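Below: one structure, written as structure tokens.
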Amino acid sequence: MEQWSWASARDAVRRLNIAPRRIAVAALVVAAMAGSAVSDRASAAPPPGNNEIRIGNTAPYTGPASAYGVIAKVISAYLDKVNAEGGINGRKVNMITYDDAYEPIKTMEMTRKLVEEDQVLFTLATIGTNTNAAIQPYLNSKKVPQLFALSGAAAWDQPREFPWTMGFLPTYTAEAQIFAQYILENHPRSRIAVLYQEDGMGKEYLKGLKDGLGGKVAIVAEAPYKVTDTNIDAQMAKLKASNADVFIEFTTPKFAIMAIRRSAELGWRPAHFVASIANSYSAVIQPAGAQNAEGLLSAAYRLEGEDAAAAGDAVFREWSAFMQRYVPSVSKTNGQAVLGYLVSKTLVEVLKNCGDDLSRENIMKQARNIKGVQLPMMVQGILINTSPSDHAPIEQMRMMRFTNGNWQHFGPVRSGIDPGAVSDSFKTIFKYGTATKRDLANQLNANTVSLMTGSFGSTYAQVGADLASVLDNGTNLRILPVMGRGSVQAVADILLLRGVDAGIVRKDTLAYLDRKDFAKDIRNQFVYVAKMFNEEMHVLAPKTITNMRELDGKTVVVDLPDSSTFVTAINVFERLGIRPHLIYQEPRLAVDMLRKGEVDAIVAIEGKPLQWLNQVNDRNLHLVPVEYAKTLQEEYLPSKLSSADYPGLVPDGGYVETVAAEAVLASYNWAPNSDRYRRLSLLVDTMFDKVAQLQRPPFHPKWREMAPRATVSGWTRFKAAQEWLDRNMPPAASVSAASGAVPAPAPVAAPAAAFSSPQERDPLYREFLEWRASRAKAGANR
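Numbering-wise, full-length UniProt numbering puts 626 at position 626 of the sequence shown, and it's gapless, one number per residue.
What follows is the structure, encoded as structure tokens:
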């Protein structure tokens, strides 16, 4: 005797509403409780009678969802019509249907009876999420097709996990995404409030909406309700108080009526959306008051069952004739009757395509191969499509608006997430076929600003990524961060590389180039947009090295010669009178060399905390203090590295003194009437407007040091940036009040007299030149 724990199974099904993505997994628990009732061995398909195709169905003819029983009645009646007209491929269709009262445990009991006693070929149109979830693992283990599950959950479109299950309706997710498309097109600057049922259905709808919006329109308020609630007054008050101008409700009919009425009572008239499961005229609009529903928005895949304007249409005549002859007791205005009609039409299409092969495998094969079928009583342009990887027959809907007492369809047929609605890149690709390459290229390039940053994982690279995340605004402005080697390369690229508009460079790099006269008249060629942040000097060495002086004559890694660290390191060493032997290697790649004793120290000068250095936890290594010597005070600022920055290198609660260099956003000094000047001005306006946002998590903590008004002594600010500051942040205003930043100490500029002449001997730089020459010679000899 097979054992079955009905109480445990009921509990398992009840848990299905916890999270929609877990429906299928939770349903497996129900199947597992069947013990030997669920066999790993596929059940052989019963041989069909010579003149019969036997199918099974359960429906809620009684119980809380008895209104849905109409669907099964219409399907049964339509199959009577098919049989009266000769059947399908010479066979009669026999649908055996039982009442499950909308109870999952009963659905499972009746389904087992259908499969094991009645020997049906497949089940059809089981109604409800929990009921379908209860039988899904059982039917799949038996390899019995579970066709056209009637629920908007996404669980029926999982062909890898459940190859014998197929849904029918548009998913809750897809419908919500269609609403999102419409909002992005027609209410792009709106504020959205959402009322939703606190269960799997409501959460799946809400997730679909958020996915479809892609963060481009804000949801400012969410209010869940429980199916046991007697009213939603508190939720409606909260949603109205949010000042939202778009209101979306993912509700069942009972609560849709309440929401429509309450919205009118509160005098709240936002753009109002209702889910398709609650847009029935007779079940929702009439009880809520047609005058209160005027302008209501929804979506649909099927036509209304009775439409005076379409009474003469052949499709409606066929539908009406069928209803009058075979189901006269069911009103044609009942939307569930239309659904049953559509399921019947689709089933007949599948069975006709099976021919004489009525094996379960072939039935499922044909169900997976429906291509572009337009059904009567379905919105024009919406097609039934399936494939082995797509078990969702209907994925399209069309928007409709309630106007003058009727639902009126409008706009295009839509489906799920529209990549072009949430992705500017997809929009560009879609336009490629309709626009000339030249026009499209001009449009894309006109407002794109390229920004030289640093190497992967560096502060510069992270700051560039932050700018792209916050400032990108489709075709109006796009920031294109370009990875580089740091400050020296950024200067060269700004001067010489086509398409580079700006870069993050270090003030001491510009000063060094100016002092050495390596770049002619650089002070007139470069301008700065803003002081960005300070970059701390990190000197990692064995604990036997206690101060910078001890590095004299030692082997020190100073990054690659194009980097920011290189220039700052040789400048600091020069000013401190220290003459180490320099190794040109990326600091993050030299840690093993340091541990093996191949080098004596690693210098890295970047905004703290450095990702790679934060991962170093070696009791033999530490950060060497850098004294704020008088010779450094002309170009550098004092700073500290704390245990919070580097817990593996600095004792708890302690700190290490160091110096910091100033990083600036710099650009070539473009003429005010040039296109490059205009493009850089776009960056300026947008970045200054959003400094406060950039200074909050999750963006790099160095943004908190940015003070737009802070000057960089000895250098000229970009004209458009100065004009913006004069308009929006006059000198009298506090920088910290305007930006939320803590201004850095004002740097002291190096006097012109302190700069060395081009002829000054420079052993460190000469060593670099020799290295570069030897590298070039080696390359030429390859």
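Just so it is clear, CB atoms sit at the ideal spot from N, CA and C, and this is done for glycine as well.
Quick caveat, the model's predicted, so the values are computed rather than measured.
Requested in this report: Identify which residue in Gln197, Asp229, Ala661, Thr448 has its Cα closest to the Cα of Val274.
Outcome: Gln197
Query raised in the report: Got a sec, what are the start and stop residues for the alpha helix (DSSP H) Met236 sits in?
Result: 233–241
Query raised in the report: Counting only beta-carbon atoms, is Val488 nearer than 9 Å to chain D?
Result: No chain D is present in this structure, which holds just one protein chain.
**Report entry** Buried or exposed (CB count within 10 angstroms, at least 16 for buried), Ser141
**Finding:** buried
**Report entry** DSSP three-state assignment for Thr448, whether helix, strand or coil
**Finding:** strand
Requested in this report: Classify Phe316 as buried or exposed, calling it buried when 16 or more other Cβ atoms lie within 10 Å of its own Cβ.
Outcome: buried
Query raised in the report: Where does the unbroken alpha helix (DSSP H) through Gln177 begin, and where does it stop?
Result: 172–186
Query - Simplified DSSP assignment, three categories, for Pro137 - result: helix
**Report entry** Environment of Ser387 [buried if 16+ CB atoms lie within 10 Å]
**Finding:** exposed
Query - C-beta atoms of Val572 and Met532 nearer than 9 Å - result: no
Report task. Sort out for me which residues DSSP pairs Phe526 with in a bridge. Result -> Tyr668
Query - DSSP beta-bridge partners of Glu657 - result: Lys640
Query raised in the report: Quick one: what's got a C-beta closer than 6 Å to Trp612's C-beta in the same chain, skipping five residues either side?
Result: Arg588
Query raised in the report: Taking DSSP as the reference, what is the three-state secondary structure of Asp562?
Result: coil
Query raised in the report: Hey, is the segment 292–304 in contact with the segment 386–403, meaning 3+ C-beta pairs nearer than 8 Å?
Result: yes
Requested in this report: Mind checking who Met687 pairs with in its DSSP beta bridge?
Outcome: DSSP output for Met687 lists no bridge partner at all.
Query raised in the report: Within 10 angstroms of its Cβ, does Ala530 collect 16 or more other Cβ (buried), or is it exposed?
Result: buried
**Report entry** DSSP-derived helix/strand/coil call for Ala321
**Finding:** helix
Query raised in the report: Alpha carbon to alpha carbon, how far is Pro751 from Pro638?
Result: Residue placement at Pro751 is flagged as unreliable, the pLDDT there being 32, under the threshold of 50; the coordinate-derived value follows with that caveat. Spanning the two alpha carbons is a distance of roughly 19 Å.
Requested in this report: Give me the Cα-Cα distance between Met110 and Arg160, rounded to the nearest whole angstrom.
Outcome: 26 Å
Query - Coarse secondary structure for Lys106, derived from DSSP in three states - result: helix
Query raised in the report: Bridge partners of Leu124, per DSSP?
Result: Leu147
Query raised in the report: When the Cα atoms are used, what is the spatial distance from Ala256 to Asn279?
Result: 8 Å
Query raised in the report: Can you pull the DSSP bridge partners for Tyr98?
Result: Thr58
Query - Rounded C-alpha distance that separates Ala67 from Asn353 - result: 32 Å
Query - Buried versus exposed call for Arg269 [16 or more other C-beta atoms within 10 Å across all chains shown] - result: exposed
Requested in this report: Taking only the alpha-carbon atoms, compute the straight-line gap between Gly128 and Ser276 and give it to the nearest angstrom.
Outcome: 15 Å
**Report entry** Same chain, Cβ closer than 7 Å to Leu649, five either side skipped, listed in chain order
**Finding:** Val616, Leu621, His622, Leu623
Query raised in the report: Quick one, are the C-beta atoms of Thr165 and Ala134 less than 9 Å apart?
Result: no
Query raised in the report: Run through DSSP, which three-state label would residue 783 get?
Result: No answer is possible for residue 783: it lies beyond the span of the chain, which begins at 1 and ends at 782.
Query raised in the report: Which whole runs of the alpha helix (DSSP H) in the segment 532–607 are 4 residues long or more, in chain order?
Result: 564–576, 591–595
Query raised in the report: Is it true that the CB of Arg676 sits closer than 9 Å to the CB of Asp501?
Result: yes
Requested in this report: Use the C-beta contact count for Lys690: other C-beta atoms within 10 angstroms, 16 or more gives buried, fewer gives exposed.
Outcome: exposed
Report task. Using 10 angstroms around the beta-carbon of Glu204, count the other beta-carbons present and answer buried if the total reaches 16, otherwise exposed. Result -> buried
Query raised in the report: Exposed or buried, what is Pro393 when buried is set at 16 or more other beta-carbons lying within 10 Å of its beta-carbon?
Result: buried
Query raised in the report: Helix, strand or coil: which one does DSSP assign to Leu296?
Result: coil
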